[in-house]
Structures are given as structure tokens and as C-alpha cells.
Amino acid sequence: MIKILTTGGTIEGLDYVDDKGIKKTNISIGDFLDRANVDFEYEIESIFKKDSRAITEKDRELLVRKIKETSATNILITHGTFTMEDTAKYIGKKDLNKTIVLVGSFILGSSADTDAPFNLGYAISSLQLLKPDVYIAMNGQIFNWNNVSKNLETNKFERNE
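Start counting the sequence shown at 1; every next residue gets the next number (the UniProt record's numbering).
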């Protein structure tokens, strides 16, 4: 069974138009999985819905607590890309002995040309093959929690040199 913890972000179709609020759309991780006609057991739990720039240490601790509480050993976390690497590092340092993959999208999940379904499918596939640790799965690549950064110029994740 795969436990999916959602935290908001572009992948969930949350558009952060300005500092005053969130423009929500009618898309969910469950919608993507239903459309893909997946055939594996999963459970989705919404932890919070935030722009990742607003995620706090308390939020990250809540994520860790939810990971510890579940009997599932494969955990997928949907997350905004702005601070995804920070959350991966926070969780990675906890040595939870579970396979945890963080995934997001650069293009709004409700947009016709979104990268969300591809990234989600790639992350789920990777999750089932990786050894226990914390990873980021984005744009067809897997990054270990302790060797990744987001390049703001290219808008892609890359390995630290």
C-alpha cells in the first residue's frame, strides 16, 4: 500500500496569485490516479494546503509524525517545488527507514499542459523500486535528499556538484 500525503502546491492546482490568497481549482491527486486507472492500493491524506514557501518547521514535524504513524513503508508526498528540497532534507535527517518520495509540478495541475500526471506517475513507479530513504522525483529524475537543489534559473532540480 502506498500512503499519499498531500501538502498543497501547484501539483494540486493551487495557484498562488499573490500574497493575499490562493486561487483554487477542482483537481486532486485522486483525480490523476482515477484517470490513470491505477491498480494498486493507496490511501490519500491531506495534511495541509499551502504554498510551499509558507511551510514551517511545525508543518514539517507534522509530516514526520504522520509518516511515523502509518504502517505503510512507501510514502508519497505531494509538495510545492519552492521548498521541496528543504522538506526532503528535514525528513531525510530523521532516518525513518521508509521509502519516501516527494513530488510536485512546475505547471499548474489543472492546466492542460501540466507536468503533474507525468511527475506523479514517475514518482509512484520509482517509489516501488527504491530502497528506504528520502528522494525527490521530478521531470524524469530521482534525487537523493542530501544531494539536490532547485535551480531557479532553469526551474529544474539538479544534483549538487
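Idealized CB from N, CA, C, for every residue including glycine.
Worksheet item: What residue ranges within the segment 60-101 form continuous beta strand (DSSP E) runs of no fewer than 3 residues, ordered along the chain?
Response: List check, beta strand (DSSP E) in window: 74-78.
Item to complete: Please report how far the alpha carbon of T83 lies from the alpha carbon of N37, in whole angstroms.
Response: For T83 and N37, the distance between alpha carbons rounds to 30 Å.
Worksheet item: What number of angstroms, rounded off, separates the C-alpha of F32 from the C-alpha of F118?
Response: Cα to Cα, the separation comes out at about 10 Å.
Item to complete: Take L5 as the anchor and find which of K49, N139 and S125 has the nearest alpha-carbon.
Response: Comparing Cα positions, the closest option is K49.
Discussion item. Please report the straight-line C-alpha distance between T73 and H79, rounded to a whole angstrom.
Written reply: Approximately 19 Å between the Cα atoms of the pair.
Worksheet entry | C-alpha gap between V134 and T154, whole angstroms | Those two C-alpha atoms are separated by around 23 Å.
Worksheet item: Counting pairs of Cβ atoms below 8 Å between the segment 107-121 and the segment 87-96, do you hit three or more?
Response: The segment 107-121 is not in contact with the segment 87-96.
Worksheet entry | Where I136 falls: helix, strand or coil (DSSP) | Here I136 sits in strand by DSSP.
Worksheet entry | Rounded separation between R53 and I67 - CA only | Near 21 Å, if we compare the C-alpha coordinates of I67 and R53.
Worksheet item: For T10, does the three-state DSSP call read helix, strand or coil?
Response: Collapsing the DSSP output to three states places T10 in a helix.
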